[in-house]
Structure formats: structure tokens, C-alpha cells
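Under the numbering used here, the residue at position 974 of the sequence shown is numbered 1127, and the numbers go up by one with no gaps.
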Amino acid sequence: MDKATKDSKEEVLVAINTRLGLIDTETDHENRLIQFLSDKKVLLVFDACEGVLTGINQLWHQLRMQTPRLCVLATSQKSIDIQEERRIYLEPMLEPAPNDTASESIALFEYYAKRRGGNFSVTNENIEQIIDILDFTDGLPLAIILLAVRLRTISLDRIQVELRDSLLDAASGSQNQDDRHAGLEPCFDWSFRLLSRDAQSLFPYLSLFIAPFTYAQAESIALGTTSLPGPLSDSDEGNAGKTLEELVDASLIGFDKERYSILKPLRAYGEEKLQKYAKGAREVFINCLRELNSRNELEASHDKENMYQAGIYAIDSRLTSSEFNFIWRKIDEWLKSTGRWNERLRFNKELLAFINYIDNPAARSWAGIHYAESLERLGKPIGEVIKEYKGVYIPQNWLLDPRDHRSAYNDIETEVARKSSSLYFAIGQREKAFNILDITIKRLRSWKALSALYDQLGQLYLDISKPEDAAEQFNKASQLREEKDQANSWMNRGDVFLKNRDSEEASDAYRKAYELFEEKGKTPAALLALSKEAKALSFILDPFQIEKKYLDLIEQCRIKQGKQEAALTEAEFAQHLERINKLDKAESHIRNACAELEEYGDKQAFARTLQTAARIFELRGKWSDAEEAQKKALSILRDRGDRNQVIVFDRLAQLYDAKGDSLSAREYLNQGIEVAQNIGRPVDRARIIQSAVFISIWHGSFEEGEELLAKAISEFSGLGEGYKLHRKRMSSLWQGVHCLTELQGEKDIEWTNENYCIAQHAIRRLGAFMRDARNQKTLAHRHHQLTEKFEHAPVWAAISRNGEGSAWRHVPGALEQAQTCHEQSLKVFTDINLEAGIADTLYKLGKVWFERAKLVRDQQGAENVYSGNTGNDVNRIFRLLKHYRTLLDNRRRNRQTARIANKAVSYHRKSIVMRRRIGDDVGLALSLLALSKAEEMAGNSKKSFQVLDESKRIGRLMDAKKTIQFQNSKKFVQDKASKATKDFLRKHPEFEERLDRSV
């Protein structure tokens, strides 16, 4: 009906009779049609009848009584408005999911692409391009069809380019088509011409909303302000609402519950109208959003999206500072909180170019900082990011200004120093990182700036495992802050406590930080404190309680901060589940976290989470998934130039070696060693060299392993005091490897207790990199392989077999294998009366029997409380019987637990006697601590406490000497005894008053 020239009943009758062949000049059109329809069952179809709705309405009222079997189907953007009318709204096609080739919109696109003899088909290679193209259409079928038929003459790549320039031009149709379907613009023109003048004026203004908007926002745009009037500013009160309803009735605007929305093709059409007839509309839009924001009416996510669009318009239009300053920082904060790093990068880049036109130095500085920060989060090379931070504009004349400018200068200078130091630290330039902070501290005087810089220094010291130095810096920061600003200080104290493995103190500090952050309304920081508290508590609380705490925290993050922060917390939760060996749940959560972070584009966090995922996949035996995750992480870290890539090279080498691909393993090791020499930390260099040594030795190349270590020690000797610790560790490992090398081919050797300690350390270090991954089963198999290599040297084989037994002890259901390994080793050591070996093996056997007792204890029934007021009499009887049966079972298990624990006690006592005799103070302390736990398991709390007290006494009296295993054996024993005492007092507080000194 789009050919009709006027909206009348006569016009409609002529069109119907013409199509039916009923035109007769001597007969009235209406009577002729009624005669034809009166005895027939007919479906009358009107297509595109927006222009003749009044005529159809009038004709229906004439026909409905005389043609009872007539049905009408009409397609229109407006309702015909008759009583019998049933409306069916045609929604746009659904947006296809990634790789969803069965989507209706993709099917329509493919059908019309092929319709005119094309050989086009949807494949895995072009599916992403097609989905990108369909995103511009918002599911509008005509737009999809017009774009699809263009594939006869141009490529998908070309269509994508044209869509970014102009959607309306890209979706222009053939000249041979119906005028109204020759393109999107003619189609929209048809509907636009049917609108009232007010609706035609308002629609282009509303097309500036990129996201759904409210009635109040639409009315604000329609009326405008005193200085910038809107399109309906001269209209009567209430006219804006009527005009909005007209646009909804015309299907140019959609309405869902409380918000209105416009499809992307229609928005493009509206903006075309603005360019021609309302060039000042963008200023009206920005001005109205500024006023709405000043009244706190732009808080929903859709409102922030529209505010972001206003910011882009302001930059494009080169508006003045006063019209734009109100909005840019809020936009940046929103883009950051939602993880839209690419958009944040573009926004700040455009902002930097725009700021050259306005007098706002602070905005220029912060835009530069935010641009550099976005580059960092997107995984760009760290050198490039550092260059951007160096180029941040810092107005030096502000430093001399006694007013607010000086405070702004301090904030900017502090932020640049903090960010730059952390980046230099990330690429291994540790001295430069510390120097930047030291120089900035000397230059600034603001307590706020100095406390932030001291905090940063403390974090760097924590990263290099110097908690005492970190605590000193954190204390300096704390002294500068007022009482109400101590939240960050409490957070830092928690970090130090956690580094020192004092989980209880750490959790208390994080809880205090959380409360202070909550008081000040700092939600992100408060949630971070909660997350750290959960991590600290995971080492001391029941796993079920921690699981619930983490799940609640993830939900809070999702509600208050969005999916990205929730994903980061979920990744931490997965790490906790990995620690407690709930690997199936850990895998589920880490996969979800990876998917969310990949979607949000935060490559820095994504790489970190991928490494966690790879470790979990390894433990689950999913080697291909682990390999894929590590390679993705490596790709991101290499692009950034991040030193952490050394760790990934190391893990990939170990992974390929475990799979039996020694060639690929050595290739990754060599690449890792090369990277470690250029940008790695000493600990990374030491780690990957050790991995190379271990892999060489596992494959029987003892001499090659010794050469690698000797070369590394030589290199580290020339690097100064800062590398002394790593040099010592490698030297101690070299002693063991050298001993292994010398032993090759020798069958007889005189074994002493000292030689045993060296050999045991060498064997233990060989399994260190597998133990780090908590892959105990693989470690057990490795030790078994090594044991077979030592078949000519029974003592070495026994030491290696002890390592195998220790690994089996940590594998669920493998205590029998562990016991067998230790008993075989004990026989070898007893035969040659090697006391250090006997004592060590007895200690390990005691730990095996302790694990057996713990298994029996953990099988106790949980239903220990009887509630007699639930259910009827029969149910109460059954519950009572079940209750008593549980009690009896638990008593039987308690007796069984005590019996098995006493077996562990026996082994530990024997090892204590032996270690006293040979003067092994560290071993004696470890045996006493193990005995204490076994006595407690056997129900002898008093004896357990006495043994603990004895271990503390030994720690106080022994010398702080260095051994092959420990740099400071006294500190090691004291820390172990202190932690064990705290754990004991947590369960038995009644013994606290009997302590001879505070813990």
C-alpha cells in the first residue's frame, strides 16, 4: 500500500479491486467488493499500510457485518486501531553467539548471499567477520539482506570498512529494487515522512543516545535548557511525552519496561538528519547530561554509557573546558571499573589531543597517566608503557604555588613515580625502581604523597622477600597518616604478616582495613581487603567456611564492581581450592575466571590467571589444556616484555619433559635462560637454571648438570652482594650434584652422617621443581626412575626411595606405597648402621602413620547432636537410634585413631633418640614437632604441650649456624615451633597460661 497517494477509503477500495480484477466504471467499488467477498472465505493482506490506516479502518467497519468470513492481515509500523485487531510485534533477530552458525540472522545472511548465484558459505574462518557485520544491523532483517546481497560485488573485509564509515551507505540496495527497499535510507524516509513535525524534530536528537534512556532523559533533551533550547522547547507542557509515544507507535523507538532504545541503523539515520538540520544538537545533548549528572541521575550502567558518548561528542566537537570538565573523569573511572581497556585507551588518546585546545594542565597530566595505565593493562610492551609515563606532562611551576596547585602536583608526581617504579621492577631493573622512589620522596613534602611512596617501597621489599624492610617502610607511611586514614596501613601490615605466614594476625589486619575502607565508602578497596582476609583465613579455618566466604565475596564483587573484579576474586578462590586439593571445583572456577577476563581484555590479569589455570590443569592430568594456557600466557608476557615469562618458559619445559618430549623441553629452557639473562630477576635465573640441572640429572646427565651449575655460580659471583643468597643456594646444590657425579661407576663408598645430609639435600633438590607444582604423583614416579639409575649404589637408591615415599604420602590413597618405600630404605640404612639415614626414615614412617590416623579421624560422623522435637514419634525413635549409633561409631573410631597415632608416636620417639645421639638439632626439633602432633592425635594433649615446650627450648639454645639446608637453622626451628604452638593454643587455649614465654 506504499503506492497510495492519499489516506481514504476510496483509495484502498481502488487498490483492492484493481488487484482482484474487479474494476468496473458502472458499478460502485464498495458494492462490487462486497458482492465478491460475501460468499467466500478470504484472507486480505495489506503490506506497508502506514499511509492508509484511516482508509482501512473505515473500510473494515463497512465490510465486517456483510462479509463474516473475511480475515485481514496487515503489516504496518502503526496500529490500525480497531476493536477486533490482534497485534503481533516483530522483534529484531537475536544477536548470534560466538561461533553460532545456526543463528537465524546468520542463516538469513547466508541465504541472501547465495540467492543470486553466489558461492558464499559460512565457515569457521569468516564467522567472526559475519558476526561483526551483523552487530551493526542490530538484528534488522532488511539491513541484513541489503548487506548480504552486496557480497556479489565486494568482500566481507570491504563491507566491514564501509560499515565503520557509514552504515546507511554500506546498506544501500540495487537500483532495480522497489524504491522503498533500495536501501535503508529510503525505507526510513518513508516512515519519517509519516511523522508529525514535532516527532520529526525530536527523533534526530534522541538518536544521540547510544544506550537505553529514561523518559526523564528524553524529556530533558526535548526541552533543552535556557541557554541551549531543545527541539520542543516552544511546545506545550506534556507535548514531549505525546511525541515520544508517537515515535514508539511508529516503531522508530523501542520501549521495554522503563527505558526507550533505538536500533543502530535508526541511530545512524537520525545522526544523518542532525548533520543536515540540527548541527547544535550535540551541545544540547552534552549540556542536558551535565545537568542530569549534577543531580545524580546518571548512576545506572546505561546512563554511564550515554555519558561516555557525550564525552566523545565533546572531544569531536572541540567544546570548551567548562562544558566538558564535568564529565571526563567520571567517564574514565567508569571505563576503568568496567574493564573496557581498549575504549579507555582510545578515549584518553583522543582526550590528550583535545586538551591541546583548552587550558587545563591537570586534565592533560591525568589523561597521560590513564593512557599509559591502559597500555599496561592491555599487555603492551613495558618499555613502551614506561616511555608514556616519562612523557606525562607535569607542570613544574605548580610546585612553587602555595595553593591547590601544589597538592595536584604532588598527586601527579606520586602516581607517575609509583607506576614507573613498578614497571622497572617488572623488567628486572630493581635499582632503578628503588631510585625513582627515593628521589621522589626527597623532592615531595606532602604527607599523603610520602605515605603512598613509602607503601610502594614496602611492596617492592615484599616482592623480593624482605618482610622486615617492608615493615619498616609501612611503619613510616603509617606514622604520616592520621588515625582515620590508617586503612592502607592495616592492609600493608596484613601483607607483611601473610609473607611471614602469620595467617591469624594477617586476617585481623585485613579485617581492620576492610572496616576503615567501608567507613570511607571505598568499596573497591574494601572488597580487596575482604579478598585478602579470605586468603589469610584459608590457612587456618575449616575449608567449608572459607568456601562459603569466597562465594559470598564473589557475588558482592559482581554486584558492586562488575564481572571483571568478580573474575579476579574467583581466580583467587580457585587457587584456594587447588591448595586443599578440590581440583574439580578449582578447574570449574578458573575456567570461568579466564573466560571473563579474556572478554574484558585485561591482559595483565588474564596472563596471571592463565598460569593458575595451567597449574590446575596439570594437576588434573589435562596436559593439552595446561600447554594451551601456558602458551597463551607466554604470548601476552612476551609482547609486554614482562620478566614473568621466565616462569612460563620454565613451566613449559617441565611440562614437555613430563610428556617425554625432551627436545622441546630443552628448547624452552634455553629460551628461558636467555630471557632471564636479559630481564629476569635473580630468583628467576636461579629457578630456570635449576630446572635445566634437574632435567639433565633425571635423564642421567650428571656431568652436564654439574657444568650448568658451575657456570651459573661463576656468573652470580660477579654480580655483587645482592645475589649472595642465590649464589649460596646454587653452591649447596652443586655439592650434592658433584657428589652424584663422582659416585657414577663407584660401588663402594664410606658413608658418614655428614655425607648422608649432603646426599639427601641433593636428592631433595632434584624433586623441588615438581614439588613446587604440587604434582606429587609425577614426583613419585621421577624418584622411582632415579632409584632405578642408582641400582649399583644402594644407599643413594635408598635416599631416592625415601623421596619417592614422601611424594606418595601426599597422594590420596597411596599411603601403602609410601610405607613400603620407607621400610625398604630403613632396611638398607640399618644394614650399614647409617644413623642419620635411620633417624630420617623413622621420622618419615611416623608421618605416614600420622596420616593414617588422620584419615580414620576424618571419617567420624558429623551428626553428633540429637534434636528430639522434630517429626512424629517413629521419626524421633529412628533419629535417636541413629544418634547413638553415630556416637558408638565415633568412639570406636577414636580408639582406632589413638591406636594408629601411638604407632606414629613410637616411630618419632625412636627418631628423637637417634637424632639426640648424632647431634642433629634441626632434625631433633622437627621430630619433636611431629611427635607433638601425633600425641595430640592420640588424645594426649598434656604430653603434646610438653613436647612443644621442649622444641621451643631447643630453638632457643641452638646456634644460629648455616647448614647445607638452611641459611639460619636457629630461626628456621624457632619459626616452626612458634607456628606449631599457636596452632596448638588455638585448639587448647587452657594451656596458654602455662607458657614460659609469649608466642
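Glycine included, every Cβ here is placed at the ideal spot set by N, Cα and C. Predicted model only: the values in this text are computed from it and were never measured.
### Message
Can you tell me whether glycine 858 is helix, strand or coil according to DSSP?
### Response
The count along the sequence shown starts at 1 and reaches residue 858 at position 705. Helix.
### Message
So within the segment 389–454, which uninterrupted alpha helix (DSSP H) runs reach at least 4 residues, ignoring any that extend past its ends?
### Response
Taken in chain order, the whole alpha helix (DSSP H) runs of length 4 or more contained in the segment 389–454 are 392–402, 417–430 and 434–447.
### Task
Return helix, strand or coil for glycine 1092, following the three-state DSSP convention.
Looking up residue 1092 in the sequence shown gives position 939. Reduced to three states, the DSSP call for glycine 1092 is coil.
### Where the beta strand (DSSP E) containing phenylalanine 770 begins and where it ends
To locate residue 770, count along the sequence shown from 1; it is residue 617. Here phenylalanine 770 belongs to no beta strand (DSSP E); instead the alpha helix (DSSP H) covers 756–772.
### Message
For phenylalanine 627 and aspartate 608, which I take to be in contact (beta-carbon distance under 8 angstroms), what is that distance rounded to the nearest angstrom?
### Response
As a position in the sequence shown, residue 627 is number 474, starting the count at 1. As a position in the sequence shown, residue 608 is number 455, starting the count at 1. Contact flag correct, Cβ pair sits at about 7 angstroms.
### Message
Using the three-state DSSP reduction, which class does phenylalanine 341 fall into: helix, strand or coil?
### Response
Within the sequence shown, residue 341 is the residue found at index 188, counting from 1. Annotated three-state conformation of phenylalanine 341 is helix, per DSSP.
### Enclosing beta strand (DSSP E) for leucine 197 [first to last residue]
Within the sequence shown, the letter at position 44 stands for residue 197. Counting along the chain, the beta strand (DSSP E) containing leucine 197 begins and ends at 195–199.
### Query
When the Cα of glycine 492 is compared with those of Phe507, Arg530 and Pro514, which residue comes out closest?
Locating residue 492 in the sequence shown gives position 339, where the first residue counts as 1. Distance from the Cα of glycine 492 is smallest, within the candidate group Phe507, Arg530 and Pro514, for Arg530.
### Message
Do arginine 761 and glutamate 731 have their beta-carbon atoms positioned less than 8 angstroms apart in this structure?
### Response
Within the sequence shown, numbered from 1, the residue matching residue 731 stands at position 578. Within the sequence shown, numbered from 1, the residue matching residue 761 stands at position 608. Result no, Cβ atoms of glutamate 731 and arginine 761 do not sit closer than 8 angstroms.
### Chain-order list of residues whose beta-carbon lies under 6 angstroms from that of threonine 290 (same chain, five-residue window excluded)
Translated into positions along the sequence shown, residue 290 becomes position 137. Excluding sequence neighbours, threonine 290 sits near Ala296 and Ile297.
### Query
If you draw a straight line from the C-alpha of glutamate 1016 to the C-alpha of leucine 1041, how long is it?
Residue numbering aside, residue 1016 sits at position 863 when the sequence shown is read from its first letter. Residue numbering aside, residue 1041 sits at position 888 when the sequence shown is read from its first letter. Any answer about glutamate 1016 is weak, because its pLDDT of 42 lies below 50 and its placement is not dependable; what the coordinates show is given next. In a straight line, the C-alpha of glutamate 1016 is about 12 angstroms away from that of leucine 1041.
### Query
For leucine 680, which of Lys702, Ser604, Ile693 and Gln698 has the nearest alpha-carbon?
Position 527 of the sequence shown, counting from 1, holds the residue named residue 680. Looking only at Lys702, Ser604, Ile693 and Gln698, the smallest Cα-Cα distance to leucine 680 is reached by Lys702.
### Whole-angstrom distance between leucine 1079 and asparagine 986, CA atom to CA atom
Locating residue 986 in the sequence shown gives position 833, where the first residue counts as 1. Locating residue 1079 in the sequence shown gives position 926, where the first residue counts as 1. C-alpha separation (whole angstroms): 22 angstroms.
#### Entry: Span of the beta strand (DSSP E) around leucine 348
One-based indexing of the sequence shown puts residue 348 at position 195. Per DSSP, leucine 348 is not a residue of any beta strand (DSSP E), being assigned neither H nor E.
### Query
For valine 1100, which of helix, strand or coil comes out of DSSP?
The residue you call residue 1100 lines up with position 947 of the sequence shown. Correct three-state label for valine 1100: helix.
### Complete alpha helix (DSSP H) runs within the segment 624–667 (minimum length 4 residues, chain order)
Taking only runs of at least 4 residues, the alpha helix (DSSP H) segments lying wholly in the segment 624–667 are 640–652.
### Message
Quick test of the definition: if touching needs 3 or more C-beta pairs under 8 angstroms, does the segment 813–827 touch the segment 777–785?
### Response
Inter-segment contact for the segment 813–827 and the segment 777–785 is absent: fewer than three beta-carbon pairs are separated by less than 8 angstroms.
### Task
Look at the Cβ atom of phenylalanine 943, then the Cβ atom of serine 953, and state whether they are nearer than 8 angstroms.
Position 790 of the sequence shown holds residue 943. Position 800 of the sequence shown holds residue 953. Taking 8 angstroms as the cut-off, the Cβ atoms of phenylalanine 943 and serine 953 count as close.
### Task
Select from Leu347, Lys812, Gln717 and Gly208 the residue whose C-alpha is nearest the C-alpha of asparagine 745.
Here residue 745 refers to the residue found at position 592 when the sequence shown is read from its first residue. Selected option, being the one with the closest Cα: Gln717.
### Task
Only counting runs of 4 or more residues, tell me where the alpha helix (DSSP H) segments fall wholly within the segment 780–836, in order along the chain.
Qualifying alpha helix (DSSP H) stretches, in chain order: 798–812 and 815–831.
### Query
Name the DSSP bridge partner or partners of proline 382?
Locating residue 382 in the sequence shown gives position 229, where the first residue counts as 1. The bridge partners DSSP lists for proline 382 are Gly377.
### Query
At what residues does the alpha helix (DSSP H) containing valine 165 begin and finish?
For the purposes of this step, residue 165 is taken as residue 12 along the sequence shown, with counting starting at 1. Element bounds for valine 165: 162–173.
### CA nearest to the CA of glutamine 236, picked from Asn210, Gly999, Glu625 and Leu932
Counted from its first residue, the sequence shown places residue 236 at position 83. The candidate whose alpha carbon is nearest that of glutamine 236 is Asn210.
### Query
According to DSSP, which residues form a beta bridge with phenylalanine 578?
For the purposes of this step, residue 578 is taken as residue 425 along the sequence shown, with counting starting at 1. Phenylalanine 578 pairs with nothing; no bridge assigned.
### Task
Could you say which of Gly999, Glu700, Leu247 and Leu304 lies nearest to valine 275 if we only look at CA atoms?
Translated into the one-based positions of the sequence shown, residue 275 becomes position 122. It is Leu304 whose Cα lies nearest to the Cα of valine 275.
### Query
What residue does the alpha helix (DSSP H) around serine 974 start on, and which one ends it?
Taking the first residue of the sequence shown as 1, we reach residue 974 at position 821. The sequence given here places cysteine at residue 974; serine does not occur at that position. It spans 968–984 - the alpha helix (DSSP H) in which cysteine 974 sits, taken as one unbroken run.
### Query
Any idea what DSSP makes of alanine 364, helix, strand or coil?
If you number the sequence shown from 1, residue 364 lands on position 211. Alanine 364 carries a coil assignment under DSSP once its states are collapsed to helix, strand and coil.
#### Entry: CA-to-CA distance, serine 354 to arginine 420, given in whole angstroms
If you number the sequence shown from 1, residue 420 lands on position 267. If you number the sequence shown from 1, residue 354 lands on position 201. Roughly 14 angstroms between the two C-alpha positions.
### Task
Quick one: using the 10 Å Cβ neighbour count with 16 as the cut-off for buried, is glutamate 635 buried or exposed?
To locate residue 635, count along the sequence shown from 1; it is residue 482. Flag for glutamate 635 reads exposed.
### Query
Does the beta-carbon of glutamate 537 have 16 or more other beta-carbons within 10 angstroms, so that it is buried, or is it exposed?
Sequence index remark: in the sequence shown, residue 537 carries index 384 (1-based). The residue in question, glutamate 537, is exposed, as its Cβ has fewer than 16 Cβ neighbours within 10 Å.
### Query
Can you tell me where the beta strand (DSSP E) with valine 964 in it begins and where it stops?
One-based indexing of the sequence shown puts residue 964 at position 811. The continuous stretches of beta strand (DSSP E) do not include valine 964, and DSSP gives it neither H nor E.
### Task
Counting only the same chain and skipping the five closest in sequence on each side, list residues whose C-beta sits under 6 angstroms from that of alanine 786.
Residue mapping note: residue 786 aligns to position 633 of the sequence shown, counting from 1. These residues qualify, in order along the chain: Ala760, Leu763, Gln764 and Val801.
### Environment of aspartate 485 [buried if 16+ CB atoms lie within 10 Å]
As a working mapping, residue 485 is identified with position 332 in the sequence shown. Buried: at least 16 other Cβ atoms inside 10 Å.
### Message
Does the CB of serine 599 have a neighbour CB from chain D at under 8 angstroms?
### Response
Considering every chain present, this structure includes no chain D. It has just one protein chain.
### Task
With distances taken Cα to Cα, identify the nearest neighbour of lysine 1096 among Met1111, Phe1137 and Val1126.
Position 943 of the sequence shown holds residue 1096. That would be Phe1137, whose Cα lies nearest to the Cα of lysine 1096.
### Query
Straight-line CA distance for glutamate 658 to lysine 1086?
For the purposes of this step, residue 658 is taken as residue 505 along the sequence shown, with counting starting at 1. For the purposes of this step, residue 1086 is taken as residue 933 along the sequence shown, with counting starting at 1. So the alpha carbons of these two residues sit roughly 23 angstroms apart.
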